[in-house]
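>
In UniProt numbering, the protein residues as written are 1 to 600.
(1) What whole-angstrom Cβ distance do residue 326 and residue 439 have, given they're in contact under 8 angstroms?
(2) Using a Cβ-Cβ cutoff of less than 6 angstroms, which residues in the same chain neighbour residue 265 once the five nearest sequence positions on both sides are dropped?
(3) Using the DSSP secondary-structure output, state which residues sit across from residue 583 in a beta bridge.
(4) Look at the alpha carbon of residue 64 and the alpha carbon of residue 54, and state the distance between them as a whole number of angstroms.
(5) DSSP three-state label for residue 219, please.
(6) Helix, strand or coil for residue 23, going by three-state DSSP, please let me know.
(7) For residue 24, count neighbouring Cβ atoms within 10 angstroms of its own Cβ and tell me buried if that reaches 16, exposed if not.
(8) What residues are listed by DSSP as bridge partners for residue 541?
(9) Taking the Cβ atom as the reference point for each residue, do residue 498 and residue 542 lie within a distance shorter than 8 angstroms?
(10) Determine contact between the stretch 385-397 and the stretch 148-162, defined as no fewer than three beta-carbon pairs at a distance below 8 angstroms.
(11) For residue 214, count neighbouring C-beta atoms within 10 Å of its own C-beta (all shown protein chains included) and say buried if the count is 16 or more, exposed if not.
(12) Between residue 346 and residue 269, how many whole angstroms is the CB-CB distance? I'm expecting something under 8 angstroms.
(13) Classify residue 10: buried if its beta carbon has 16 or more other beta carbons within 10 angstroms, exposed otherwise.
(14) Tell me the residue span of the alpha helix (DSSP H) that contains residue 416.
(15) Is it the case that the Cβ atoms of residue 581 and residue 533 are separated by a distance below 8 angstroms?
(16) Nearest CA to the CA of residue 558: which residue from 576, 407 and 511?
(17) Taking DSSP as the reference, what is the three-state secondary structure of residue 199?
(18) Does the Cβ-Cβ distance between residue 383 and residue 288 come in under 8 angstroms?
(19) Among 418, 38, 151 and 405, which has the Cα closest to the Cα of residue 465?
(20) Throw me the rounded Cβ distance for the residue 107 and residue 37 pair, which I believe falls under 8 angstroms.
(21) List the endpoints of the continuous beta strand (DSSP E) containing residue 245.
(22) Spell out a yes or no on whether the stretch 218-230 and the stretch 329-337 are touching, meaning 3 or more CB-CB pairs, one atom from each, closer than 8 angstroms.
(23) Enumerate in chain order the residues of its own chain whose CB-to-CB distance from residue 504 is below 6 angstroms, with the five nearest sequence positions on each side excluded.
(24) Quickly, what does DSSP pair residue 529 with across the bridge? List them, please.
(25) Who are the near neighbours of residue 517 in its chain, counting only those whose CB is closer than 7 angstroms to its CB and skipping five residues on each side?
(26) Under three-state DSSP, which class holds residue 151?
(27) Three-state secondary structure (DSSP) at residue 238?
(28) Near residue 91, which residues of its chain fall below 6 angstroms by C-beta distance, leaving aside the five closest residues on each side in sequence?
(29) Assign residue 561 to one of three DSSP states: helix, strand, or coil.
(30) Give the secondary structure of residue 449 by DSSP, where H, G and I count as helix, E and B as strand, and everything else as coil.
(31) Answer with buried or exposed for residue 336, where buried requires no fewer than 16 other C-beta atoms within 10 angstroms of its C-beta.
(32) Please look up how many angstroms separate the CB atoms of residue 483 and residue 456, rounded, as I've assumed it's under 8 angstroms.
(33) Report the partner residues of residue 49 according to the DSSP bridge assignment.
(34) Using the C-alpha atoms, what's the distance from residue 547 back to residue 610?
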């Protein structure tokens with residue numbers, strides 16, 4: 001590891017189950033913030049640890065994803081086994097623990113603000129924030145307020161979009177924050193079962209024992225809906241003891257509850273039919289696998305005809321790579337537009353956020369109880385936009401190391417304009433909720449592409465003054481402005497201009513077609529000195545896009561050029577439609593921006 005930077009002002013504090021001696025060249029800061037929680041008279045539980053020590057595993061998982069060092073043969077009980085490392089393995093890490101199990105929304109907000117302010121004062125380069133609080137106006141939102149202060153100091157702030165999974169469900173959508181949604185990976189964690197008719201099916205499983213089970217009777221409660229769905233108390237232990245139980249898909253309860261019912265009835269194993277797009281990892285205490293409803297129907301058809309069906313074999317702990325299609329937008333990932341400000345396209349980007357393998361606290365370990373035995377591992381599989389954030393934060397750290405002079409907006413621009421929007425079957429990234437093509441309201445600019453982001457060609461840059469102009473355009477009063485920008489005085493132009501964002505979105509509310517909107521942007525050349533960029537447009541039916549000028553000529557690095565984009569939709573356009581503007585030069589730079597139109 002490199003030496004701790006001389007400019008670093010942070011510290012490592014002592015506390016419960018943590019001493020400052022645990023810090024080193026990797027972990028250079030560790031502090032906890034609970035002043036408001038304690039002021040409210042709430043004690044910190046022994047489980048929580050009154051110190052920077054992680055008690056849940058969430059912080060350890062995300063920080064190791066961002067900057068963990070190489071580890072050989074890491075796995076989650078054998079799943080996803082291989083060499084693991086964080087995105088920026090030589091980056092220094094500082095931990096700021098700000099949330100506690102006894103928190104109220106008020107205490108959490110105050111302690112999050114205190115932690116972020118301390119990180120800014122300590123001199124961090126990147127803030128990776130896998131946290132979502134209440135969705136409030138910018139002037140009441142502590143994450144938005146602290147993030148703007150960080151941006152003013154040149155600190156990149158990366159936040160999670162949220163795990164609500166619906167349209168208009170964004171969190172952390174302030175335009176100075178890099179907002180991250182979650183995508184799937186191209187690996188699948190599977191189990192397989194072969195029946196006595198030689199039908200072999202595959203499903204998803206997290207059962208931690210590498211087992212190969214043979215010749216077990218298969219049970220399906222075909223005569224009763226409650227038995228078929230493995231409802232609470234419906235399964236007769238005399239009928240299912242020692243058997244593999246097949247459970248129908250139901251919306252009444254989840255797979256985890258079905259597994260509890262099956263285990264309580266004394267079954268040997270469970271096979272659960274469900275909508276895989278909405279499945280979340282379950283801690284199975286008996287051999288278990290989850291199948292799509294279509295695959296499960298094949299088993300159900302056979303066992304309904306042949307009541308003495310046998311499961312010839314059940315095998316677990318398989319990790320398969322090259323799953324298709326991938327990536328997809330995770331079913332839980334919050335979608336745009338941002339309810340606070342739909343005029344900014346959010347999320348900005350998606351990154352891996354499903355079944356991410358990363359470190360777990362060594363003092364806690366990840367515990368699985370199987371057949372009255374506890375199994376432990378130092379690595380966990382976790383899913384959420386929280387897991388996607390550190391991937392982007394790690395890339396931002398790499399970009400900051402290569403381009404020290406780049407602003408937070410420049411780093412975000414490089415990440416966004418080099419993202420890809422096709423999955424590994426060479427079609428548009430799918431929405432995991434229904435396998436239909438996703439849109440920029442789901443994935444923003446696309447899926448992060450780290451190597452391309454190192455050399456984006458052009459960037460859309462901004463500074464704090466641009467955000468002040470933007471806030472003035474929201475017609476905030478003086479008190480509200482002071483709250484969000486934390487200044488008593490500020491300057492602004494008479495007619496605030498739009499933000500120089502690397503994406504475009506227009507919200508229309510009209511029936512008199514065609515409807516149009518004009519945008520103005522400035523791009524900065526950070527690629528080859530003498531470059532000529534030509535505008536390439538991808539435009540669907542019912543939408544028109546024009547760019548003026550459609551050619552940008554640069555003679556030196558850091559030269560700026562302005563262009564205008566006009567967007568028009570016609571009566572045959574769907575309510576939401578989108579295209580792309582791509583600036584392409586002779587050196588194979590492709591600077592891509594989504595252009596979205598919504599009409600209500």
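We put the beta carbon where it would ideally sit given N, CA and C, even for glycine.
Quick caveat, the model's predicted, so the values are computed rather than measured.
Based on what the coordinates show:
(1) Contact check for residue 326 and residue 439: beta-carbon distance about 18 angstroms, past the 8 angstroms limit, so the pair fails to qualify.
(2) Residues 235, 237 and 240 of the same chain have their beta carbon placed closer than 6 angstroms to that of residue 265, with the five preceding and five following residues left out of the count.
(3) Among the bridge pairs identified by DSSP, residue 583 is matched with 535 and 591.
(4) So the alpha carbons of these two residues sit roughly 13 angstroms apart.
(5) DSSP, reduced to helix, strand and coil, places residue 219 within a strand of the structure shown.
(6) DSSP, read as helix, strand or coil, puts residue 23 in coil.
(7) Residue 24 is exposed by the Cβ-count criterion.
(8) Answer is none; residue 541 lacks a bridge partner.
(9) Cβ atoms of residue 498 and residue 542: not closer than 8 angstroms.
(10) The stretch 385-397 vs the stretch 148-162: in contact.
(11) When all chains shown are included, residue 214 counts as exposed.
(12) Rounded to the nearest angstrom, the Cβ distance from residue 346 to residue 269 is 43 angstroms, too far for a contact under 8 angstroms.
(13) Around the beta carbon of residue 10, a 10 Å sphere encloses 16 or more other beta carbons of the protein chains shown; the residue is thus reported as buried.
(14) It spans 408-417 - the alpha helix (DSSP H) in which residue 416 sits, taken as one unbroken run.
(15) No, the Cβ-Cβ distance between residue 581 and residue 533 is not below 8 angstroms.
(16) Among 576, 407 and 511, the Cα nearest to that of residue 558 is on 407.
(17) Three-state result, residue 199: coil.
(18) Here residue 383 is not near residue 288, since their CB atoms are 8 angstroms or more apart.
(19) Between residue 465 and the set 418, 38, 151 and 405, the nearest pair of CA atoms involves 151.
(20) Contact between residue 107 and residue 37 is confirmed by a C-beta separation of about 4 angstroms, below the 8 angstroms threshold.
(21) Here the beta strand (DSSP E) through residue 245 covers 244-247.
(22) Counting Cβ pairs under 8 angstroms, fewer than three are found: no touch.
(23) Same-chain partners within the cutoff: 519 and 595.
(24) DSSP output for residue 529 lists no bridge partner at all.
(25) Spatial neighbours of residue 517 in its own chain (CB-CB distance under 7 angstroms, excluding positions within 5 residues in sequence) are listed in chain order as 506 and 567.
(26) Here residue 151 sits in helix by DSSP.
(27) It is helical.
(28) So the qualifying residues of the chain are 67 and 397.
(29) Residue state, collapsed to three classes: strand.
(30) DSSP places residue 449 outside both helix and strand once states are collapsed to three, so it counts as coil.
(31) Per the 10 Å Cβ criterion, buried.
(32) That belief does not hold up - the Cβ atoms of residue 483 and residue 456 are roughly 34 angstroms apart, past 8 angstroms.
(33) Bridge partners of residue 49 according to DSSP: none are assigned.
(34) Lying outside 1 to 600, the shown extent of the chain, residue 610 is not represented and no answer is given.
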